[in-house]
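Below you'll find the structure, written out as structure tokens, and then a few comments.
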Amino acid sequence: MKDFNTFTVYSFKIIIIVDMITLCIHLRSTDPYFNLAAEEYFLKNFQEDFFMLWRSQPTVVVGKHQNALSEINHEFVRTHQIPVARRLSGGGTVFHDLGNLNFTFIRNVEKIQEVNFKVFTFPIMEALKTMGIDVYTTGRNDLQIEGKKISGNAEHVHRNRVLHHGTLLYNSQLDALKGALKVDLSRFEDKAVQSNRSEVTNIAPYLPSPMRVEDFGNLLYTEITQRLDNSKAYMLNENDLAAIQKLRDEKYNTWEWIFGYSPRYSFKNQFLSPKGEIAISFHVEKGLLYEVSVSGAISAELSHQISKTLLGRMHDLSAVNPSIYALEDLLRAELINSEDLIRAMF
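Following my numbering, the numbering of the sequence shown begins with 52 at its first residue and continues without gaps.
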């Protein structure tokens, strides 16, 4: 018969199965798609609880129910070659890089009356306090220092298991974070979950003495695992690696998941040509363009050609570029710069 712990944190009650061993992983992969796939693999294919600490190369990670294109600065991420990923949990968009640590808890749950973020952020907060950092929680899912956010958290429930994960900005490139997430929402109309932007800061300046991010990660991993009852280090075997890689390749690193999974949305924008303003609008469903309309300083014939060419194409540069370049002669004849048209579509 299982034993249960029932406890209340900040007035929310949660019942967690406590006789289960917690497998602990300090994942060394920095591939964002592999790491996100690893979370889902451990959530859905094991009975044990998990704690995992990991880092990823620079990546913009959108929530499961978000419109990816409306959450990113498309020009910035393209210019800086920053990949975009979609995670399993809901919530807002975050930025990962090698100066950021990510933590994951996976727990078996008997019953949840309300998903409780603070059950999982509490041990992180306590570990940081032992390092001399004055950190506290605000709202439902943030950790802050001096009024600035250092950690955003999200959760996903699968059957009787809860996956909770969060970021920890240690010495991240905050200029890149702000640049990648700066967007013009006036171009998009949808019912997707939108991110709440907050002022952020790094943890490193608040430590009593300097520490490399690798050393900070090792210390944090030790602090957390020592606080867990019945914990045990887990090393990924060949079967684990193969299964995670398969999930990475077939789901997390696919256009269909990253962009095609976005909720239906409408898009509108305009740009100037030598003859005047040109407006473009369209609907997107499962990542594909529909009801494309181009109006303004453009002939009806060329407008029809553009609409016909783009219909059913992916809302992605890989599909839009060749479609528009195929009309280069017609565009040039009306003094329309193809690059301006393409840029206006994102």
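For each residue, glycine too, the CB sits at the ideal point set by N, CA and C.
Can you give the Cα-Cα distance for His216 and Ile254, rounded to whole angstroms?
One-based indexing of the sequence shown puts residue 216 at position 165. One-based indexing of the sequence shown puts residue 254 at position 203. Between His216 and Ile254, the C-alpha separation is close to 18 Å.
Between Leu361 and the rest of its own chain, which residues show a CB-CB distance below 6 Å, the 5 nearest in sequence each way excluded?
Within the sequence shown, residue 361 is the residue found at index 310, counting from 1. Once the five neighbours on either side are set aside, the close Cβ partners of Leu361 are Leu340, Val343 and Ser374.
CB Lys302 to CB Val251, shorter than 7 Å?
By 1-based counting over the sequence shown, the position of residue 302 is 251. By 1-based counting over the sequence shown, the position of residue 251 is 200. It is not a contact, given that the beta carbons lie outside the stated cut-off.
CA-CA distance, Met396 and Leu386?
As a position in the sequence shown, residue 396 is number 345, starting the count at 1. As a position in the sequence shown, residue 386 is number 335, starting the count at 1. Looking at the two C-alpha atoms, the distance is approximately 18 Å.
May I ask which residues mark the beginning and end of the alpha helix (DSSP H) holding Arg383?
Along the sequence shown, one-based indexing puts residue 383 at 332. Residues Glu379 to Ala384.
Could you tell me if Trp306 is buried or exposed, where buried requires 16 or more neighbouring beta carbons within 10 angstroms of its beta carbon?
Taking the sequence shown and counting its residues from 1, one reaches residue 306 at position 255. Trp306 is exposed by the Cβ-count criterion.
For the alpha helix (DSSP H) containing His355, name the first residue and the last one.
One-based indexing of the sequence shown puts residue 355 at position 304. First-last of the alpha helix (DSSP H) with His355: Ala351 to Leu361.
N- and C-terminal bounds of the beta strand (DSSP E) containing Met103
For this step, residue 103 is matched to residue 52 along the sequence shown. Per DSSP, Met103 belongs to the beta strand (DSSP E) from Asp100 to Trp105.
Determine the direct distance from the alpha carbon of Ser202 to that of Leu220, and round the result to whole angstroms.
Taking the sequence shown and counting its residues from 1, one reaches residue 220 at position 169. Taking the sequence shown and counting its residues from 1, one reaches residue 202 at position 151. Pairing Leu220 with Ser202, the inter-Cα distance amounts to about 6 Å.
Please report the distance separating the alpha-carbon of Ile184 from that of Glu274.
Here residue 184 corresponds to residue number 133 of the sequence shown, with the count starting at 1. Here residue 274 corresponds to residue number 223 of the sequence shown, with the count starting at 1. Rounded to the nearest angstrom, the two C-alpha atoms are 14 Å apart.
Starting from Gln195, follow its DSSP beta bridges and name the residues at the other end.
Position 144 of the sequence shown holds residue 195. Gln195 is bridged to Tyr187 and Lys200.
Check whether the Cβ atoms of Asn288 and Ser223 lie closer than 7 Å to each other.
Translated into the one-based positions of the sequence shown, residue 288 becomes position 237. Translated into the one-based positions of the sequence shown, residue 223 becomes position 172. For Asn288 and Ser223, no; Cβs fall outside 7 Å.
Could you spell out the range, first to last residue, of the alpha helix (DSSP H) harbouring His125?
As a position in the sequence shown, residue 125 is number 74, starting the count at 1. Counting along the chain, the alpha helix (DSSP H) containing His125 begins and ends at His125 to Thr130.
Gly143 and Lys115 closer than 7 Å at C-beta
Along the sequence shown, read from residue 1 onward, the residue named residue 143 stands at position 92. Along the sequence shown, read from residue 1 onward, the residue named residue 115 stands at position 64. Here Gly143 is not near Lys115, since their CB atoms are 7 Å or more apart.
When the distance is taken between beta carbons, is Phe310 closer than 7 Å to Ala119?
Working through the sequence shown from its first residue, we reach residue 119 at position 68. Working through the sequence shown from its first residue, we reach residue 310 at position 259. It is a contact, given that the beta carbons lie within the stated cut-off.
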